[in-house]
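Engineer: Residue numbers (UniProt numbering): 1 to 83.
Cβ coordinates follow ideal geometry from the N, Cα and C atoms, glycine included.
Dropping the structure here:
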């Protein structure tokens with residue numbers, strides 16, 4: 001495809017530097033740059049470190065019991081304040 005593109009001066013400079021570094025034509029440098037920017041990066045993996053929250057539950061049942069107790073306490077406090 002043949003088209004006219006207006007490049008910002010800094011983009012033109014980047015392409016000229018790519019041309020000089022790789023010894024390629026303007027067309028080749030532009031096509032490479034567009035391909036690189038349009039291709040998703042597969043080498044990047046986002047990792048988020050995990051940290052203990054201070055709770056150590058022995059079983060899912062124990063966790064559910066603790067959450068139910070906390071919810072009961074919350075509702076009792078709410079009732080006490082509404083009186």
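Which residue's Cα is closest to the Cα of residue 4: 27, 74 and 50?
Structural biologist: Nearest option by C-alpha distance: 27.
Engineer: Measuring CB to CB, does residue 41 end up less than 7 Å from residue 29?
Structural biologist: No, the Cβ-Cβ distance between residue 41 and residue 29 is not below 7 Å.
Engineer: Considering residue 73, what are the terminal residues of the alpha helix (DSSP H) in which it resides?
Structural biologist: Start and end: 60–82.
Engineer: Please look up how many angstroms separate the CB atoms of residue 15 and residue 38, rounded, as I've assumed it's under 8 Å.
Structural biologist: No, residue 15 and residue 38 are not in contact; Cβ-Cβ is about 16 Å, not under 8 Å.
Engineer: Output the boundary residues of the alpha helix (DSSP H) element that contains residue 16.
Structural biologist: Residues 9–22.
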